[in-house]
Amino acid sequence: MAYVKLPFLPGVYKDDSLGAAESYFSDADKIRFVRGKPETVGGWEKFSLSAVTGIARGIHTWADVSKNPYVAIGTHLRLFVYDVDGIKYDITPVTSRGDLSNPFTTTISSAAVTVTHTAHGVVADQKVKFYNAAAVGGITIDGEYAVTSVTDADNYVITHSSAATSSAGPAGGSGVDYDYFLAPGDADGIGGLGYGTGGYGSGGYGSPSSGLTNFPRTWSLDNWGQNLLANPRGGSIYEWAPNTTASELVTNGAFATSTGWTVGVGWSVAAANAIGSVTNADLQQSITLNRGAWHVLKYNVTITAGSVYASIGGTTIRTSTASERAKAVFWSGSGGTAVLRFTGGGFTGTLDNASVQVLATAHKLPAAPSTVTGIFVTPERRLGYLTTPDSNYNSDPLRVGWTAAQDNQVFTASASNGAASFPLSHGTRCVAARVGAGENLIQTDTALYSMRYAYDTSIVYTFDLIAEGCGLMGPNAARMLNGTLYWMTPAGEFMIYTGGRPQALASTMRRDVSSNISWVQQDKVFAFQLSQFGEMCWLYPDARDGNECSRYALVNSQNQWANGTF
Numbered sequence: 398m399a400y401v402k403l404p405f406l407p408g409v410y411k412d413d414s415l416g417a418a419e420s421y422f423s424d425a426d427k428i429r430f431v432r433g434k435p436e437t438v439g440g441w442e443k444f445s446l447s448a449v450t451g452i453a454r455g456i457h458t459w460a461d462v463s464k465n466p467y468v469a470i471g472t473h474l475r476l477f478v479y480d481v482d483g484i485k486y487d488i489t490p491v492t493s494r495g496d497l498s499n500p501f502t503t504t505i506s507s508a509a510v511t512v513t514h515t516a517h518g519v520v521a522d523q524k525v526k527f528y529n530a531a532a533v534g535g536i537t538i539d540g541e542y543a544v545t546s547v548t549d550a551d552n553y554v555i556t557h558s559s560a561a562t563s564s565a566g567p568a569g570g571s572g573v574d575y576d577y578f579l580a581p582g583d584a585d586g587i588g589g590l591g592y593g594t595g596g597y598g599s600g601g602y603g604s605p606s607s608g609l610t611n612f613p614r615t616w617s618l619d620n621w622g623q624n625l626l627a628n629p630r631g632g633s634i635y636e637w638a639p640n641t642t643a644s645e646l647v648t649n650g651a652f653a654t655s656t657g658w659t660v661g662v663g664w665s666v667a668a669a670n671a672i673g674s675v676t677n678a679d680l681q682q683s684i685t686l687n688r689g690a691w692h693v694l695k696y697n698v699t700i701t702a703g704s705v706y707a708s709i710g711g712t713t714i715r716t717s718t719a720s721e722r723a724k725a726v727f728w729s730g731s732g733g734t735a736v737l738r739f740t741g742g743g744f745t746g747t748l749d750n751a752s753v754q755v756l757a758t759a760h761k762l763p764a765a766p767s768t769v770t771g772i773f774v775t776p777e778r779r780l781g782y783l784t785t786p787d788s789n790y791n792s793d794p795l796r797v798g799w800t801a802a803q804d805n806q807v808f809t810a811s812a813s814n815g816a817a818s819f820p821l822s823h824g825t826r827c828v829a830a831r832v833g834a835g836e837n838l839i840q841t842d843t844a845l846y847s848m849r850y851a852y853d854t855s856i857v858y859t860f861d862l863i864a865e866g867c868g869l870m871g872p873n874a875a876r877m878l879n880g881t882l883y884w885m886t887p888a889g890e891f892m893i894y895t896g897g898r899p900q901a902l903a904s905t906m907r908r909d910v911s912s913n914i915s916w917v918q919q920d921k922v923f924a925f926q927l928s929q930f931g932e933m934c935w936l937y938p939d940a941r942d943g944n945e946c947s948r949y950a951l952v953n954s955q956n957q958w959a960n961g962t963f
């Protein structure tokens, strides 16, 4: 029998008939092309036994100053970090701290607990934490919970790990401290988005041409040195220093001098409390702060007269003029030894439960805008951010801002620090930014801009419109690979930029992808690079499968395409 060599061409051709795709592969799954021939992409290795809560919508890898690697994953519900051993840590930021008086109601034989909190503002699936609670209904409500349901503006329900042995309330638990974490985002995109969104021609004829976009929760992640910066789309900017344990830095107990406390004139110690008697002196102790980290100061104070000033290293962190269970977050700067002081201001009363802990969760940068759609750290070490308020504090979806040099907490512009912002002109909103070779690339929904350092403190950055009609489909639909920016446009076109003008890739799969992508879910598209193979891959939600990313399109540096399910 004679053998006949079949001259297969490398790549998958799905955009025409089988006859027109002669010599190409017409379909594939989990293969790549190497030296013109197909081979399997290989397998996956399980990184961790601990799954994230929610649907992953952003990922970032980096290492701390000790070269310990981390992976951050943002989902529509939470923010997580994994260490090198695959151990998962929930670092979802706390957005509200306080205390409640007898907030719990229990029902016998039920694990459901009603929490009463006037104007609580929480939503279903939001993470909440309670501590220092007394037992109620035969159970102690202590630790982290997810909100099961919201009854009304003043009541919501959580589920305890065990059922109550009696009905109690509507007032139980005594004095309870709470932490409320960042509220969940949307799992899916919502239609009716208006002109310029979705694929060309998608949507019904005559449908409204304007409307408020409802995006799924995606994350923009970067690192500032060893610290993680995180921005849930449409929210603020949060920072996490690599601390996985809320270490206690204060030797508490009975405020005894033998444990490091210095008790000033007018202060005395009895029954584990520090008692002030019309004192203006200090109650103090030396502590060691973590470098570049956020810490939380807590104490309980009962005030009969006067006030108490709590300071760290000479900076006042909290002023108490009435009895309270005080909580205040502060940044440590360079860290090291500092003095914790409680200074009386004609103070009469008692103080106890003093605590300074390292935050093991992300914390909002205090001066950051409340509505940001993306972040990036420039080579000059300025924090760049998208969608910033204008001079009248109105949100401008086409404005790009940046902080002072070497400082991610100074957002207010001044002639000396170079912090400023700049409004773009093309498009309806900024979608994402990537750091390229000698320039930062800003992508709106219709255009590509170059943001270059000006070496002039009065200008800082210049902006040039590179091209129009080549916007970005979603915030994670672009990625850098070996100095080249790859992305997918809102029309389903695959583009590259190497400098000069953007170019459309001659894709043999464009029509198949754009015809079947779930356009309302386009913000879920996720691009990632496989540098060792010179490949760029896009995960996308295919309408034939549902709302989540279920298929991929892959291209290598020889413009050979492959596809498959994921």
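Residue numbers for the sequence shown follow our numbering, beginning at 398 and rising by one. Glycine included, C-beta positions come from ideal geometry on N, C-alpha and C.
- Listed as beta-bridge partners of residue 870 by DSSP are no residues whatsoever.
- When the beta-carbon positions are compared, residue 724 and residue 948 stay at least 8 Å from each other.
- Taking 4 residues as the minimum length, the stretch 620-706 contains no alpha helix (DSSP H) run wholly inside it.
- Using a Cβ-Cβ distance cut-off of 8 Å, the stretch 664-673 and the stretch 716-733 are not in contact, since fewer than three pairs of beta carbons, one from each stretch, lie closer than that value.
- As computed with DSSP, residue 916 is found in no beta bridge at all.
- By DSSP's assignment, residue 746 forms a beta bridge with 673, 700.
- In the DSSP assignment, residue 930 falls outside any beta strand (DSSP E), carrying neither H nor E.
- Taking C-beta atoms under 8 Å as the contact rule, residue 932 and residue 960 fail to qualify, at a distance of about 13 Å.
- In chain order, 508 place their CB closer than 8 Å to the CB of residue 558, counting only its own chain and leaving out the 5 sequence neighbours on each side.
- Of the candidates 464, 451, 773, 515, 451 places its Cα closest to the Cα of residue 580.
- Bridge pairing for residue 483: absent [DSSP].
- Counting only the Cα atoms, residue 880 lies some 32 Å from residue 475.
- Taken in chain order, no unbroken stretch of alpha helix (DSSP H) lies wholly in the stretch 507-538 with a span of 4 residues or more.
- Boundaries of the beta strand (DSSP E) harbouring residue 545: 540-549, taken from the DSSP string.
- In this structure residue 797 touches residue 848 by the C-beta definition: roughly 7 Å separates them, less than 8 Å.
- In this structure, DSSP gives residue 401 a state outside helix and strand, which the three-state scheme calls coil.
- Nearest to residue 543 by C-alpha distance, out of 472, 553, 885, is 553.
- Counting of Cβ neighbours within 10 angstroms places residue 411 among the buried residues, the total reaching 16 or more.
- DSSP places residue 922 outside both helix and strand once states are collapsed to three, so it counts as coil.
- Here residue 928 really is in contact with residue 878; their C-beta atoms are around 7 Å apart, less than 8 Å.
- Rounded to the nearest whole angstrom, the CA to CA distance from residue 468 to residue 486 is 10 Å.
- Linking residue 563 to residue 499 through their CA atoms gives a straight-line distance of about 16 Å.
- 637 is the residue among 420, 637, 641 whose C-alpha sits nearest the C-alpha of residue 490.
- Assigned with DSSP and collapsed to three states, residue 576 falls in strand.
- For residue 894, the uninterrupted beta strand (DSSP E) run begins and ends at 891-894, by DSSP.
- Inclusion of residue 874 and residue 924 in the CB contact set at 8 Å is warranted, their separation being smaller than that value.
- With a 10 Å radius around the Cβ and a threshold of 16 neighbouring Cβ atoms, residue 655 comes out exposed.
- In its chain, beyond the 5 residues on either side, 457, 626, 772, 773, 774 have a beta carbon closer than 7 Å to the beta carbon of residue 619.
- Contact check for residue 647 against residue 748 fails: the beta carbons are separated by 8 Å or more.
- The C-beta of residue 803 has fewer than 16 other C-beta atoms within 10 Å across all chains shown, which makes the residue exposed.
- Between the beta-carbon of residue 473 and that of residue 582 there is about 5 Å, and that keeps the pair under the 8 Å contact cut.
- A distance below 8 Å between beta-carbons, with the five flanking residues on each side excluded, links residue 425 to the following residues of its chain, in chain order: 409, 435, 959, 960, 961.
- The three-state secondary structure of residue 778, taken from DSSP, is coil.
- Secondary structure note for residue 953: its beta strand (DSSP E) is the uninterrupted segment 946-953.
- The closest CA to that of residue 538, considering only 672, 567, 503, 735, is found on 503.
- For residue 959, the enclosing beta strand (DSSP E) begins and ends at 958-962.
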